[in-house]
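Sequential numbering of the sequence shown, starting at 1, is according to the UniProt record's numbering.
Using N, Cα and C, we set each Cβ at its ideal position, and we do this for glycine too.
Please read these numbers as outputs of a predicted model, since none were measured by experiment.
The structure under discussion appears below in the form of structure tokens.
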Amino acid sequence: MGRQQRKERAASSGDPHKAAIIKLMREFTHSHDPYTVFADFVEVSAIAISSKVDKSQFEVREKRYLEIVGKYKREEVNRFAAMFAELQMSYRTRIDAIGDPGSGHEPAGGLGDVLGEIFMALKLGNARAGQFFTPYSVSLLMAMMTVGDGASIREQGFVTLQEPACGSAGMVVATAQAMHQAGLNYPETLHATCVDIDPRCVHMAYVQLLC
Numbered sequence: 001m002g003r004q005q006r007k008e009r010a011a012s013s014g015d016p017h018k019a020a021i022i023k024l025m026r027e028f029t030h031s032h033d034p035y036t037v038f039a040d041f042v043e044v045s046a047i048a049i050s051s052k053v054d055k056s057q058f059e060v061r062e063k064r065y066l067e068i069v070g071k072y073k074r075e076e077v078n079r080f081a082a083m084f085a086e087l088q089m090s091y092r093t094r095i096d097a098i099g100d101p102g103s104g105h106e107p108a109g110g111l112g113d114v115l116g117e118i119f120m121a122l123k124l125g126n127a128r129a130g131q132f133f134t135p136y137s138v139s140l141l142m143a144m145m146t147v148g149d150g151a152s153i154r155e156q157g158f159v160t161l162q163e164p165a166c167g168s169a170g171m172v173v174a175t176a177q178a179m180h181q182a183g184l185n186y187p188e189t190l191h192a193t194c195v196d197i198d199p200r201c202v203h204m205a206y207v208q209l210l211c
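Below, the structure written as structure tokens:
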């Protein structure tokens with residue numbers, strides 16, 4: 001087993017849905033550049049979500065969707081749909097596993113940064129731009145130190161988070177998990193603003209936070 005395969009296996013360890021996404025991604029490599037495939041995957045996934053909640057932009061985004069999928073064969077477009085379904089199932093499994101807020105039941109990996117880990121496992125980062133995603137365990141540790149027992153958030157009733165270089169929104173996900181561990185209902189008390197200079201990262205963050 002080569003170094004890259006070991007890296008991919010480590011990234012998908014314990015999550016069959018993440019492993020399935022990596023496997024499906026590798027099936028594209030014979031005919032398409034992996035960097036472009038991943039960028040197209042997260043963009044069409046973002047468009048699919050946005051089309052359901054923002055009808056005012058539907059026509060513009062539908063045109064963009066057709067431009068992207070026009071580069072691929074039907075079976076490859078279906079592969080994108082399968083990858084998106086696996087991502088949704090990964091997060092559904094993780095959310096179900098962590099239980100109620102403050103329950104103390106936090107399985108290994110927690111909510112996790114699924115897309116960020118896949119991105120790094122496939123070596124798609126831009127080293128020249130310093131584009132490396134923080135390991136989720138580090139993000140979670142930082143978030144737990146910041147949130148603490150959640151007392152200050154309870155007192156105020158909510159918390160805002162500004163991410164000027166959000167990447168795949170791993171830090172936002174980690175903050176949500178830290179709040180959950182502190183017994184806070186993060187969908188009702190966390191407002192996050194995510195910004196990035198890379199459109200691909202914006203799509204990753206959007207998809208990951210709305211899965």
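{"Query": "With respect to the alpha helix (DSSP H) encompassing Val114, which residues constitute its N-terminal and C-terminal limits?", "Result": "Val114 to Ala121"}
{"Query": "Leaving out the 5 sequence neighbours to the left and right, which residues in its chain are closer than 6 Å to Val207 when beta-carbon positions are compared?", "Result": "Val42, Ser45 and Ala46"}
{"Query": "Just verifying my parser: in three-state terms, what is the DSSP assignment at Lys7?", "Result": "With a pLDDT of 44 at Lys7, under the threshold of 50, the predicted position of this residue should be treated as unreliable, though the coordinate-derived value follows. Looking at Lys7 - three-state DSSP - the assignment turns out to be helix."}
{"Query": "When DSSP labels each residue in this structure, what does Ala48 get in the three-state scheme?", "Result": "helix"}
{"Query": "Could you name each continuous beta strand (DSSP E) segment of 3 residues or more that falls completely within the region 132-199, going from the start of the chain to the end?", "Result": "159-163 and 190-194"}
{"Query": "Rank Ser103, Gln181, Leu24 and Val60 by C-alpha distance to the C-alpha of Glu76 and give the top, closest one.", "Result": "Leu24"}
{"Query": "For Ile118 versus Ile49, is the C-beta distance shorter than 8 Å?", "Result": "no"}
{"Query": "Apart from the five residues on each side of it in sequence, which residues of its chain come closer than 6 Å, Cβ to Cβ, to His191?", "Result": "Thr160"}
{"Query": "How about the region 175-187 and the region 95-102: do they share at least three Cβ pairs that are nearer than 8 Å?", "Result": "yes"}
{"Query": "If contact is defined by three or more beta carbon pairs under 8 Å, each pair taking one atom from either stretch, is the region 165-177 in contact with the region 131-146?", "Result": "yes"}
{"Query": "Let's test the definition: count the other Cβ atoms within 10 Å of the Cβ of Leu66 and tell me whether it reaches 16, buried, or not, exposed.", "Result": "exposed"}
{"Query": "Give me, in chain order, the residues of the same chain whose beta-carbon lies closer than 6 Å to that of Ala20; leave out the 5 immediate sequence neighbours on both sides.", "Result": "Glu86"}
{"Query": "Apart from the five residues just before and just after Tyr72, which ones in its own chain have a Cβ nearer than 7 Å to its Cβ?", "Result": "none"}
{"Query": "Only counting the same chain, and skipping five residues up and downstream in sequence, which positions put a Cβ closer than 8 Å to that of Phe58?", "Result": "Ser51"}
{"Query": "CA-CA distance, residue 212 and Leu210?", "Result": "The structure shown does not extend to residue 212, since the chain is modelled only from 1 through 211, so no value can be given for it."}
{"Query": "Report the residue from Met204, Ala151, Asn185 and Asp149 whose alpha carbon sits nearest the alpha carbon of Ala165.", "Result": "Met204"}
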